[in-house]
Amino acid sequence: MIELRDLTKRYGDFTAVNEVSLKVDEGTLLVLLGGSGSGKTTTLKMINRLIEPTSGSILFDGQDVLKMPAHEVRRRIGYAFQKIGLFPHMTIAENVGVTPRLLGWEAGRIRRRVDELLETVELDPKEVRDRRPSELSGGQQQRVGVARALAAEPKVMLLDEPFGALDPLTRDRIQQFFLRIRKETGLTAIFVTHDMVEALILGDQIAVMNRGDLVQVGTPRQLLTKPADDYVESLMATPRQQADFVEELLAQEPTGKSTGKSGGKAGSKSGGKSRGKSRGKSRGKSS
Ligand SMILES: Nc1ncnc2c1ncn2[C@@H]1O[C@H](COP(=O)(O)OP(=O)(O)OP(=O)(O)O)[C@@H](O)[C@H]1O
Ligand SMILES: [Mg+2]
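In terms of the numbering used here, the sequence shown has 99 at position 95, counting the first letter as 1, and numbering is strictly consecutive.
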């Protein structure tokens, strides 16, 4: 469905994305993981022609993306990028309906679709449809961005940390809704996240980037059991370390915890935390 071949982006002497090759099969969700500056956003933006590659190629359904008109690519691939915001002068309804309008849907159908999508991302259409983006919170704007990306029922989506600004409970519900949509529509997607748990929940495949290089691609299980290097291993260890830390907190004496919280015995609180951290670190190193 989407294939990258030796995709490279250089800025002068600096290589932001270095000969990345990977395939995303139809119906697959590939999570792109990696540290800040590793080239994730650059890779996504090259796929929908927001950044021109220095070399390499991109195939979409066997067609060369670099030979397709950029507007055609963006119409066929839904995208939600955190920094490419909503159109500030349009209302929320106009923002969500932008691609269906370009595709020539009739007004009633657009209106129904917009309301349905706003409801799915847990926004009340009556309340928000006529507001401007600046009249919504950051997390609400992000949800409008996801609704906009889904509007014309794309078969392929690129999502760059789409749920990053959401509180944990809303995030959990929207993740579940996204999993349902994927099942119902057989959506193919590339999804950038920094959240390891989100990567494990949503990803059929996980691709790890480090400083422009693609380090490993595999199922979550493959990455957990056979990490290609220390970097992948330490990334995959983080959810377990956090879970261990929470368990350790729960296992502490209730009296110890309350004295720590009240600030009476600061030593006991910081002692607990450093124990958790050092344990996590020694685990990562020894394994
Ligand atoms: N226009 C540019 N000129 C020079 N360097 C750039 C340019 N755009 C991006 N870069 C560099 O390319 C590298 C990759 O950037 P990119 O935005 O793809 O990272 P990322 O993996 O998405 O990081 P984050 O997780 O922080 O969003 C970074 O080191 C960045 O500084
Ligand atoms: Mg980025």
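Don't be surprised by glycine CBs; every beta carbon is placed ideally from N, CA and C. Since the model is a prediction, treat every value here as computed from it, not as a measurement.
{"Item": "Test item: CB-CB of M5 and T47 under 9 Å", "Value": "no"}
{"Item": "Where the alpha helix (DSSP H) through D119 begins and ends", "Value": "A111 to T124"}
{"Item": "Per-residue burial, V250 [other beta carbons within 10 Å of its own, 16 or more giving buried]", "Value": "exposed"}
{"Item": "Residue environment, Y15, which counts as buried when at least 16 other CB atoms sit within 10 Å", "Value": "exposed"}
{"Item": "Distance, G112 Cα to S40 Cα", "Value": "43 Å"}
{"Item": "Boundaries (first-last residue) of the alpha helix (DSSP H) holding L48", "Value": "K44 to I51"}
{"Item": "Cβ pair T197, M161 closer than 9 Å", "Value": "no"}
{"Item": "Cα-Cα separation, R184 to G190", "Value": "10 Å"}
{"Item": "Reduced DSSP category for R136 - H, G, I as helix; E, B as strand; rest coil", "Value": "coil"}
{"Item": "Any non-hydrogen atom of ligand 1 within 8 Å of A203 CB", "Value": "no"}
{"Item": "Nearest candidate by alpha-carbon position, reference V125, set Q145, E139 and L70", "Value": "Q145"}
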